[in-house]
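See structure below.
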Amino acid sequence: MAERVVLAYSGGLDTSVGIGWIGEATGAEVIAVAVDVGQGGENLETIRQRALACGAVEAYVADAREEFATEYCMPALAANALYMDRYPLVSALSRPVIVKHLVRAARQFEADTVAHGCTGKGNDQVRFEVSITSLAPDLKCLAPVRDLALTRAAAIEYAERRSLPIETTKSSPFSIDQNVWGRAVETGFLEDIWNGPTKDVYTYTDDPGFPPIEDEAVIRFAGGVPVEIDGRAVTPLQAIQEMNRRAGAQGIGRIDIVEDRLVGIKSREVYEAPGAVALIAAHAELENVTVERELARFKRTVGQRWTELVYDGMWFSPLKRALDAFIASTQVFVEGEVRITLHGGRAVVTGRRSEASLYDFNLATYDEGDTFDQSQARGFIELYGMQSKLAAARDAKLGRAPVL
Ligand code: ARG
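Letter by letter, the sequence shown follows residues 6 to 409 in my numbering.
What follows is the structure, given as structure tokens:
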């Protein structure tokens with residue numbers, strides 16, 4: 006039986022040409038796998054037919070939208086995952102779920118190799134290949150763009166020579182990756198990091214400078230997951246989609262950042278993640294109300310480490326899995342409602358209420374009748390500051406106290 010390769014297929018020029026290109030370079034049969042992670046755009050059946058027309062022996066389409074939202078975006082929300090405090094891991098989250106489907110297809114069609122269309126400069130090649138290795142250490146990896154010299158010019162020439170049913174003239178200046186959690190745009194004039202993004206960069210968000218009248222949403226969470234918006238039950242996927250639409254209309258979630266790639270390059274990326282940014286704002290505030298102080302502080306560190314692991318392609322790693330268990334345990338009481346105002350590019354929390362709240366009005370109030378016994382504060386500070394007092398006395402005795 007001929008060797009078989011499963012190719013992560015997007016329907017675009019590179020992976021369409023990749024089908025024949027891999028076949029010619031390796032003699033293998035190519036199975037094209039397209040995974041729907043809510044990227045929108047072309048109909049998946051059209052994409053499947055194109056793969057077959059480009060020479061794939063099988064073309065497989067997986068609707069992974071609910072799975073992606075529930076098993077990938079929701080853990081990112083639980084972690085309040087923002088790489089370098091800004092980027093909600095859009096592409097980094099989709100790679101592991103895509104790989105799951107690639108590996109499943111490889112097993113089903115008895116392929117020994119998995120191929121992807123990444124270049125040799127980015128994070129995604131690492132994410133694909135480390136994820137493949139983690140799920141199926143016996144499978145080989147192939148990246149035609151990187152390993153088989155499939156350049157863009159060669160791809161255009163190849164597609165035209167074979168009359169492949171794919172647009173070769175439409176040249177977007179950008180490299181774009183998108184899914185339901187957000188959208189990443191790079192290359193073109195954005196590579197000059199002084200150049201501001203132009204209007205045509207954005208599609209998930211409208212101009213925050215001209216927002217419609219302000220919108221307000223009440224999001225109910227249970228176990229750290231959004232379960233209702235304005236009283237209507239939602240699945241995780243529906244919650245993200247609705248917030249994408251509503252926060253997107255207000256221009257929320259535009260991010261322009263020079264980021265540290267795993268491969269050591271600094272790169273400029275423009276993102277739009279209206280739903281993710283609004284949901285993270287609401288979720289993080291509900292944690293402020295329901296998670297005890299020490300747990301909350303430690304969780305911030307864990308969340309950041311989790312985010313870096315996911316960014317760095319370690320979704321299926323033992324450490325990431327262990328941190329998942331920790332983060333899941335922190336979400337048990339993250340329930341209740343958050344009211345959030347969406348306007349002019351900002352998602353601002355204006356109210357929160359929860360049965361699991363640790364906020365005690367009677368302790369916090371500065372009005373009459375509080376239940377907090379202020380006389381106890383004195384003794385607390387006395388003991389709390391004891392170590393500093395002792396150290397200061399020692400420093401003074403030795404003449405090494407800080408100069409005032
Ligand atoms: N820099 C982002 C990441 O590594 C996005 C990568 C894909 N971006 C793109 N425009 N093709 O997660």
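C-beta: ideal position from N, C-alpha, C; glycine also. Everything numeric in this text was worked out from a predicted model, so none of it was measured.
Which of helix, strand or coil DSSP assigns to residue i
i: residue 126; result: coil
i: residue 184; result: strand
i: residue 394; result: helix
i: residue 337; result: coil
i: residue 355; result: strand
i: residue 405; result: coil
i: residue 87; result: coil
i: residue 138; result: helix
i: residue 116; result: coil
i: residue 94; result: coil
i: residue 290; result: helix
i: residue 231; result: strand
i: residue 104; result: helix
i: residue 266; result: coil
i: residue 77; result: helix
i: residue 345; result: strand
i: residue 61; result: coil
i: residue 257; result: coil
i: residue 387; result: helix
i: residue 238; result: strand
heavy atom of the ligand ARG below 6 Å from residue i C-beta
i: residue 191; result: yes
i: residue 182; result: yes
i: residue 50; result: no
i: residue 274; result: yes
i: residue 96; result: yes
i: residue 128; result: yes
Check whether residue i and residue j have beta carbons under 7 Å apart
i: residue 297; j: residue 343; result: no
i: residue 121; j: residue 67; result: no
i: residue 74; j: residue 245; result: yes
i: residue 193; j: residue 178; result: yes
i: residue 26; j: residue 95; result: no
i: residue 285; j: residue 91; result: no
i: residue 277; j: residue 210; result: yes
i: residue 354; j: residue 275; result: no
i: residue 14; j: residue 56; result: yes
i: residue 9; j: residue 133; result: no
i: residue 153; j: residue 30; result: yes
i: residue 102; j: residue 65; result: no
i: residue 334; j: residue 294; result: no
i: residue 119; j: residue 11; result: yes
For residue i, the first and last residue of its enclosing beta strand (DSSP E)
i: residue 250; result: No beta strand (DSSP E) holds residue 250; the alpha helix (DSSP H) holding it covers 241 to 254.
i: residue 271; result: 271 to 277
i: residue 12; result: 9 to 13
i: residue 37; result: 34 to 41
i: residue 304; result: Taken as a continuous stretch (DSSP letters only), residue 304 belongs to no beta strand (DSSP E), being part of the alpha helix (DSSP H) at 298 to 316.
Residue i CB to nearest heavy atom of the ligand PLP below 6 Å
i: residue 51; result: This structure does not include the ligand PLP; its bound ligands are the ligand ARG.
N-terminal and C-terminal residue of the alpha helix (DSSP H) that residue i is part of
i: residue 226; result: Run containing residue 226: none in the alpha helix (DSSP H); it sits in the beta strand (DSSP E), 220 to 227.
i: residue 159; result: 157 to 166
i: residue 52; result: 49 to 58
i: residue 72; result: 70 to 73
i: residue 169; result: Premise fails: residue 169 is in no alpha helix (DSSP H) and is neither H nor E.
i: residue 147; result: No alpha helix (DSSP H) contains residue 147, which is instead part of the beta strand (DSSP E) from 145 to 147.
i: residue 22; result: 18 to 31
i: residue 1; result: Nothing about residue 1 can be read from this structure; the chain reaches only from 6 to 409.
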